[in-house]
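Chemist: Chains as they are written, first to last, in our numbering: chain A, 2 to 153; chain B, 173 to 522; chain C, 9 to 599. By construction, the Cβ of each residue, glycine as well, lies at the ideal position given by its N, Cα and C atoms. Everything numeric in this text was worked out from a predicted model, so none of it was measured.
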Amino acid sequence: MEKSFNKILKSHKESNGSIISLLQQIQNEFGYIPEKAVFWFSNILDIPASRFFGTATFYAQFNLKPRGKNIITACCGTACHVRGGDRLINNIKNEIGLSGEEKTTGDRKFTLEQVACVGACSAAPVVIINEKVYGKITPEKLKKEIKALKES
Amino acid sequence: MDSNMLKITINGVASEVPNGTTILEAAKLLDIHIPTLCHHPKLSVFGGCRLCIVEVKGGKRPVISCATPVADGMEVKTSTPRIEEIRKTIIELILSDHPNDCMICEKAGDCTLQELAYFYGIRENRFAGERRTYDKKDNNPFIERDMEKCILCGKCVSICDEIQGVGAIDFSYRGFNAKVCPPFEKDLNCEFCGQCVSVCPTGALTGKMWSYKGRQKDVREVDTICPYCGCGCSLTLHVRQNKVIRVSSKENTINEGWLCPKGRFGYSFIDSPERLKTPLIKENGKFREATWDEALDLIASKLKKIRSKHGPDSIGGLSSARCTNEENYIFQKFIRAAIGTNNVDHCARY
Amino acid sequence: MEKIRVKVCMGPAGILAGGAQVLSAFEKELKDKKICVELKSGCSAHKVGCRGLCAKDVLVEVAIGDNKTSYQSIKPEMVQRIVEEHIIGGKPVAEWGEDQNYRNFFKKQVKVLLSDCGEIDPEDINAYIAVHGYEAATKVLTSMTPEETIKIVEDSGIRGRGGAGFPTGYKWKQCRRDPNEPKYIICNADEGDPGAFMDRAVIEGNPHSVIEGMIIGAYAIGSHDGYVYIRAEYPLAVERLEMAITQSRQAGFLGKNILGTGFDFDIKINLGAGAFVCGESTALMRSIEGKRGMPRPTPPRSVNKGLWGKPTVLNNVETFANIPYIIRNGAKWFASYGTEKSKGTKVFALTGKIKNPGLIEVPMGITMKEIIYDIGGGIDSGKKLKAVQTGGPSGGCIPASLMDIKVDFESLAEVGSIVGSGGMIVLDEDDCMVSMAKYFLQFTQDESCGKCVPCRIGTKRLYEILERITKGKGKENDIDLLQELGKDVADASLCGLGQSAPNPIISTIKYFREEYEAHIFHKKCPAKVCRDLVTYSIIEKVCKGCGACIRACPVNAISGEKKKPHKLNQETCIRCGSCFDVCKFKSVGRE
Chain A
2 MEKSFNKILK SHKESNGSII SLLQQIQNEF GYIPEKAVFW FSNILDIPAS RFFGTATFYA
62 QFNLKPRGKN IITACCGTAC HVRGGDRLIN NIKNEIGLSG EEKTTGDRKF TLEQVACVGA
122 CSAAPVVIIN EKVYGKITPE KLKKEIKALK ES
Chain B
173 MDSNMLKITI NGVASEVPNG TTILEAAKLL DIHIPTLCHH PKLSVFGGCR LCIVEVKGGK
233 RPVISCATPV ADGMEVKTST PRIEEIRKTI IELILSDHPN DCMICEKAGD CTLQELAYFY
293 GIRENRFAGE RRTYDKKDNN PFIERDMEKC ILCGKCVSIC DEIQGVGAID FSYRGFNAKV
353 CPPFEKDLNC EFCGQCVSVC PTGALTGKMW SYKGRQKDVR EVDTICPYCG CGCSLTLHVR
413 QNKVIRVSSK ENTINEGWLC PKGRFGYSFI DSPERLKTPL IKENGKFREA TWDEALDLIA
473 SKLKKIRSKH GPDSIGGLSS ARCTNEENYI FQKFIRAAIG TNNVDHCARY
Chain C
9 MEKIRVKVCM GPAGILAGGA QVLSAFEKEL KDKKICVELK SGCSAHKVGC RGLCAKDVLV
69 EVAIGDNKTS YQSIKPEMVQ RIVEEHIIGG KPVAEWGEDQ NYRNFFKKQV KVLLSDCGEI
129 DPEDINAYIA VHGYEAATKV LTSMTPEETI KIVEDSGIRG RGGAGFPTGY KWKQCRRDPN
189 EPKYIICNAD EGDPGAFMDR AVIEGNPHSV IEGMIIGAYA IGSHDGYVYI RAEYPLAVER
249 LEMAITQSRQ AGFLGKNILG TGFDFDIKIN LGAGAFVCGE STALMRSIEG KRGMPRPTPP
309 RSVNKGLWGK PTVLNNVETF ANIPYIIRNG AKWFASYGTE KSKGTKVFAL TGKIKNPGLI
369 EVPMGITMKE IIYDIGGGID SGKKLKAVQT GGPSGGCIPA SLMDIKVDFE SLAEVGSIVG
429 SGGMIVLDED DCMVSMAKYF LQFTQDESCG KCVPCRIGTK RLYEILERIT KGKGKENDID
489 LLQELGKDVA DASLCGLGQS APNPIISTIK YFREEYEAHI FHKKCPAKVC RDLVTYSIIE
549 KVCKGCGACI RACPVNAISG EKKKPHKLNQ ETCIRCGSCF DVCKFKSVGR E
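#1: Tell me the start and end of each unbroken beta strand (DSSP E) in the region 352 to 422 of chain C that is at least 3 residues and wholly inside, in chain order.
#2: Just to confirm the assignment: which complete alpha helix (DSSP H) runs, minimum length 4, are found wholly within the region 168 to 214 of chain C?
#3: Rounding to the nearest angstrom, what Cα-Cα distance links residue 522 of chain B and residue 402 of chain B in this structure?
#4: Using the beta-carbon count (16 or more within 10 Å), is residue 596 of chain C buried or exposed?
#5: Please confirm whether residue 205 of chain B and residue 327 of chain B have their CB atoms less than 8 Å apart.
#6: At what residue ranges does the region 182 to 227 of chain B contain a whole run of the beta strand (DSSP E), taking only runs of 3 or more?
#7: Would you list, in chain order, the members of the region 43 to 68 of chain A that have their beta-carbon closer than 7 Å to a beta-carbon of chain B?
#8: How would you list, in chain order, the residues of chain B whose beta-carbon sits under 9 Å from the beta-carbon of residue 456 of chain C?
#9: Is residue 366 of chain B close to chain A? Criterion is C-beta to C-beta, closer than 8 Å.
#10: Which parts of the region 37 to 111 of chain C are runs of the beta strand (DSSP E), unbroken and 3 residues or longer, counting only runs that do not cross its ends?
#11: At a CB-CB cut-off below 8 Å, which residues of chain C make contact with residue 140 of chain A?
#12: Go to residue 29 of chain A, then tell me how far its alpha helix (DSSP H) extends in each direction, as first and last residue.
#13: Using a beta-carbon distance below 8 Å, is residue 439 of chain C in contact with chain A?
#14: Could you check where the alpha helix (DSSP H) with residue 82 of chain A kicks off and where it finishes?
#15: Mind checking whether residue 229 of chain B and residue 247 of chain B have CB atoms under 8 Å apart?
#16: Taking the alpha-carbon of residue 541 of chain C as reference, which of C:485, C:324 and C:530 has the nearest alpha-carbon?
#17: Work out the CA separation of residue 75 of chain A and residue 429 of chain C for me, nearest whole Å.
#18: Which same chain residues, not among the five before or five after residue 457 of chain C, have their C-beta less than 6 Å away from its C-beta?
#19: From C:410, C:520 and C:404, pick the residue whose C-alpha is nearest to that of residue 380 of chain C; which is it?
#20: When you compare only the Cα positions, how much space is there between residue 175 of chain C and residue 157 of chain C?
#21: For my contact list, residue 415 of chain B and residue 443 of chain B are in at a C-beta cut-off of 8 Å; report their separation, rounded to the angstrom.
#22: Kindly say whether residue 469 of chain C, judged by its beta-carbon, lies nearer than 8 Å to any beta-carbon of chain B.
#23: Against residue 91 of chain A, what residues of chain C qualify as contacts under a CB-to-CB distance less than 7 Å, listed in chain order?
#24: Using DSSP's beta-bridge definition, name the partner residues of residue 418 of chain B.
#25: Is any beta-carbon of chain B found at less than 8 Å from that of residue 39 of chain A?
#26: What are the complete alpha helix (DSSP H) segments, minimum 4 residues, inside the region 503 to 530 of chain C?
#27: Alpha carbon to alpha carbon, what distance is there between residue 368 of chain B and residue 316 of chain B?
#28: Leaving aside the five residues before and after residue 572 of chain C along the sequence, list all residues of the same chain whose C-beta is less than 7 Å from its C-beta, in chain order.
#29: Quick one: complete alpha helix (DSSP H) runs, 4+ long, within the region 487 to 512 of chain B?
#30: Does residue 522 of chain B get closer than 8 Å to chain C when you measure Cβ to Cβ?
#31: Using only alpha-carbon positions, find the residue among C:481, C:324, C:74 and C:446 that is nearest to residue 12 of chain C.
#32: Identify which residue in B:364, B:336 and B:225 has its Cα closest to the Cα of residue 209 of chain B.
#33: Of all the CB atoms in chain A, is at least one closer than 8 Å to the CB of residue 342 of chain B?
#34: Please say whether residue 221 of chain C and residue 331 of chain C have beta carbons closer to each other than 8 Å?
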């Protein structure tokens, strides 16, 4: 881990980055923001760890827990909403077995993220599965895709 | 007229203030009270509680007086039916997300929020709804952090960062879930100066050792000077039944109301059963109680003996910052005149 | 043979519809048939940004010489025929070409800043230069003073396209006048309004126009450092912008001593990390500084104390993209479009229950009716138009009865909405207005930074009240309470987010009060949207017993044998509507 930290530190210093860009780099490397990383960088950069935590929890992009193997991103934009986005999200939750406020399934196979708007409104409703964008997606199509991922 | 002075009329009273004065400061000079929860004159402007809103003639919407500088010719009303309506809503909103357990709250009687609820006569709440509940208890030894009572005024965050330069806490999360906490919501791990406690307008931050020792009733305030170091900070002891139950410091003092952990929380020695009350003399490796005369006689005889055998320069005196100037004066006089050496020093002198 | 150009739409929707596959099919066909090899006058197939009519993607334009033909709904397998019959045979494939609907979509639009978007290859600076790109910047830097530049922008009357409509020229002038240095210029590409993709389309379609606008702005105010604050959710826009900045630097339009004039300016990209409130100027600047995006009270204004406490101009993508066109064609030309107080054109993202969802550019002052029916082609569901939502979470719903309204800053404000950044969502009878308001409040209370009380707790309470109304638990005075609290939140909040958050509620109560009353007093959702107020049942006469609903039901509430009418158990039913969605025979009733 330390080796990765040093690599990130070097590029952070070169690019004269901010806490946000540093957190983005950390997340790119580890998939989430490990506690250890925050304290390591806090110590070496002499920036209170509370700043890192405050910033990381403010922005929706940052995860403080490891995410699942498959990332499903549901668009919650207005256009998707009026095209049945809510029901779609409930369907996804049912399919992958998520309850309440959880974002990642117990077996860490799936993470469901809801984003404000991916700006593909004309293709609403939109769901992104592992970075592939699915426009005008139907519950059946979704079920099929998730089933395929479950079996893979 | 001084070109740096600006004319302002507040509630019909005209005055002149220096350029850069905020409306809130200008009102204060005229002894006009504007309610606020998040403003602190020595901390940067936050502007979150929105209680200090006022109406400025010609303005589209109310402005917050803590952040708005006076402009020449400004006409301000600090209280109108609409302004009071909004203030009431704000206080109700805060109370709708507050435990409202004033009866057992450490801060009752000295709580800005409680006082505002009183002045605005809030009993029913139009906005009852979900309340933040936190199970976590902070296990640090000094500061009780009851975050359900936190109104997110940000003073603790600012003072920790701007005055103390520590940054032990910060805002985290956002919206209704926003809270002030140490990184990863761990227990507070700082120097425990308690500055955050001193600025908290509610019962969110209190001293752990204050709890259930008494609030405002039957509590006497005694102003004194901190005995710990040479800074000489002013202290206000809160005394109930002849026991110090709390220490604070007033803003208009040499230390501007700021204290360190020792001054604020280091008072338990006063009533400690381990505290020395008589001199002890060690005989055969064991201490025994003695009278002052007995002890002073023993010291005098030993000092004399050493001086006559080894000369006065074999003796040195080290005084303490915890003594008063007068005591220190007498001490050095004693070393110089009575012992006859210049070997005298003081812990607060480098 | 004349020059051949094939343009394939690869805007957000174009890509989704398979734009990349269509493009490679064209490349392959042109290569296989050796057309490009034999043609000396030039031949190319390239991607372009959003061409607008997203409903009919993939959109393709085939130009032979000056003879342009547009195709719609193109799939890779259709490419071969187009190449053979049109490019080789010279006869366009009429049935795939533009129809009346296609022509209507463009008829009332006026393309100014989108004039090159959807025409040029966004990844090639030469394509932009070929359509007079960077001429405006060159003119400004080599022959105009900053004051003259600001004057043109002021005279054009352009107002900020990000939502608030603040006069751009005035903003620049204020910043220029501030004696403090250095100055910063920021492009706000944190398009956070749900239901809006104008900025995304502009950056993906013509990134250089934004860069050029920023260069001109920087020169005008005297800044040497620019930032683009862009959403990380727009990876393609980020990629194209990075590419464009690099190309612009190589071509000498960015960097030290630009065009030998001694003027230095460069642009950095800052990735937003997902916070709607960062669209607010002071929050955005804090975010660039790496902090929590919590707005601060103003004054001081950003033009005096902005990024790092220095004078800063912040404009939206669309505002910057307009600037080169204004400089090139003059203030008068720009001001000839629009109304007295709202000049120029505005880009809107037209979505929702509309036949032609897409990206449109219209002159300010066009009527809503023209947008919905002439350009948008009307409602796609065959149902009746109910309202048009503009301005996203900060805007309001304009009812069908007000469709004669002009679309400009003043007129929309008059009816309780805003132009906003340009999202325009069409709602029909199937949309519940209480639920719509709840949707937006859920969004704002979620995106509230939590700094000020009215927004942090007020929007939460507004949301809670709406939620109980949609659950059939509304109280008698809830409408009054929403209005009272809404007004206080609007008046007392720190920043625009809180100040405008009640708009969706206030406007829906104003125009659709009876829907609120139906929920509260009759426990009915007229649009049959609110889950707790609808019941599902199987209409036995119609049910074919296909079993689709049994498979779709997540709680096994439906039972029955094959080819016999199914039964729905009301007690286990969670009213998710899955059965309603999957039934092909309309045998699931919803009441």
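Modeler: According to the structure data:
#1: 353 to 360, 366 to 371, 393 to 398 and 404 to 407
#2: Qualifying alpha helix (DSSP H) stretches, in chain order: 176 to 185 and 206 to 213.
#3: Reading the second sequence from its first residue, position 350 is the one you call residue 522 of chain B. Reading the second sequence from its first residue, position 230 is the one you call residue 402 of chain B. Since pLDDT at residue 522 of chain B reaches only 47, below the 50 mark, its modelled position is unreliable, and the value read off the structure follows with that caveat. Cα to Cα, the separation comes out at about 12 Å.
#4: Mapped onto the third sequence, residue 596 of chain C falls at position 588. Taking all protein chains shown into account, residue 596 of chain C has 16 or more neighbouring C-beta atoms within 10 Å of its C-beta and is therefore buried.
#5: Working through the second sequence from its first residue, we reach residue 205 of chain B at position 33. Working through the second sequence from its first residue, we reach residue 327 of chain B at position 155. Not closer than 8 Å, so no.
#6: 185 to 190
#7: 49, 50, 51, 52, 53, 54, 55, 58 and 59
#8: As a working note, residue 456 of chain C is residue 448 in the third sequence. Those within 9 Å of residue 456 of chain C in chain B are 346, 347, 348 and 350.
#9: For the purposes of this step, residue 366 of chain B is taken as residue 194 along the second sequence, with counting starting at 1. Not one chain A Cβ lies under 8 Å of residue 366 of chain B.
#10: 51 to 56, 68 to 72 and 75 to 79
#11: Taking the first residue of the first sequence as position 1, residue 140 of chain A is located at position 139. Within chain C, the C-beta atoms nearer than 8 Å to that of residue 140 of chain A come from 560, 586, 589 and 590, in chain order.
#12: Taking the first sequence and counting its residues from 1, the one referred to as residue 29 of chain A is at position 28. Here the alpha helix (DSSP H) through residue 29 of chain A covers 20 to 31.
#13: As a first step, residue 439 of chain C is located in the third sequence; it is residue number 431 there, counting from the start. With 8 Å as the cut-off, residue 439 of chain C counts as an interface residue toward chain A.
#14: The residue you call residue 82 of chain A lines up with position 81 of the first sequence. Element bounds for residue 82 of chain A: 79 to 83.
#15: Residue 229 of chain B sits at position 57 when you count from the first residue of the second sequence. Residue 247 of chain B sits at position 75 when you count from the first residue of the second sequence. Contact flag set, yes.
#16: Here the question's residue 541 of chain C lines up with position 533 in the third sequence. The option with the nearest alpha carbon to residue 541 of chain C is C:530.
#17: Walking along the third sequence from the start, residue 429 of chain C turns up at place 421. Walking along the first sequence from the start, residue 75 of chain A turns up at place 74. One C-alpha to the other measures close to 23 Å.
#18: As a position in the third sequence, residue 457 of chain C is number 449, starting the count at 1. 285 and 302.
#19: Position 372 of the third sequence, counted from the first residue, corresponds to residue 380 of chain C. Distance from the Cα of residue 380 of chain C is smallest, within the candidate group C:410, C:520 and C:404, for C:410.
#20: The residue labelled residue 175 of chain C in the question sits at position 167 within the third sequence. The residue labelled residue 157 of chain C in the question sits at position 149 within the third sequence. Per the coordinates, the alpha-carbon of residue 175 of chain C lies some 15 Å from the alpha-carbon of residue 157 of chain C.
#21: Residue mapping note: residue 415 of chain B aligns to position 243 of the second sequence, counting from 1. Residue mapping note: residue 443 of chain B aligns to position 271 of the second sequence, counting from 1. Contact holds; Cβ gap of about 6 Å.
#22: Stepping through the third sequence from its first residue, residue 469 of chain C is reached at position 461. Cβ-Cβ to chain B under 8 Å: yes for residue 469 of chain C.
#23: As a working mapping, residue 91 of chain A is identified with position 90 in the first sequence. Neighbours of residue 91 of chain A on chain C, chain order: 584.
#24: Here the question's residue 418 of chain B lines up with position 246 in the second sequence. In the DSSP output, where bridge partners are listed per residue, residue 418 of chain B has B:410.
#25: Translated into the one-based positions of the first sequence, residue 39 of chain A becomes position 38. Yes - at least one Cβ of chain B is within 8 Å of the one on residue 39 of chain A.
#26: 504 to 508 and 511 to 529
#27: Here residue 316 of chain B is taken as the residue at index 144 of the second sequence, counted from 1. Here residue 368 of chain B is taken as the residue at index 196 of the second sequence, counted from 1. Spanning the two alpha carbons is a distance of roughly 11 Å.
#28: Counting from one through the third sequence, the residue named residue 572 of chain C turns up at place 564. Correct list, in chain order: 553.
#29: 497 to 505
#30: For the purposes of this step, residue 522 of chain B is taken as the residue at position 350 of the second sequence. Caution applies to residue 522 of chain B, whose pLDDT of 47 falls short of 50 and renders its modelled position unreliable; the model cannot decide the point.
#31: Start at 1 with the first residue of the third sequence, and residue 12 of chain C comes out as number 4. Of C:481, C:324, C:74 and C:446, the residue nearest in Cα terms is C:74.
#32: Taking the second sequence and counting its residues from 1, one reaches residue 209 of chain B at position 37. Taking each of B:364, B:336 and B:225 in turn and checking the Cα distance to residue 209 of chain B, the smallest one comes out for B:225.
#33: For the purposes of this step, residue 342 of chain B is taken as the residue at position 170 of the second sequence. Chain A, which has a Cβ nearer than 8 Å to the Cβ of residue 342 of chain B, makes this yes.
#34: Along the third sequence, one-based indexing puts residue 331 of chain C at 323. Along the third sequence, one-based indexing puts residue 221 of chain C at 213. Yes, Cβ-Cβ distance for residue 331 of chain C and residue 221 of chain C is below 8 Å.
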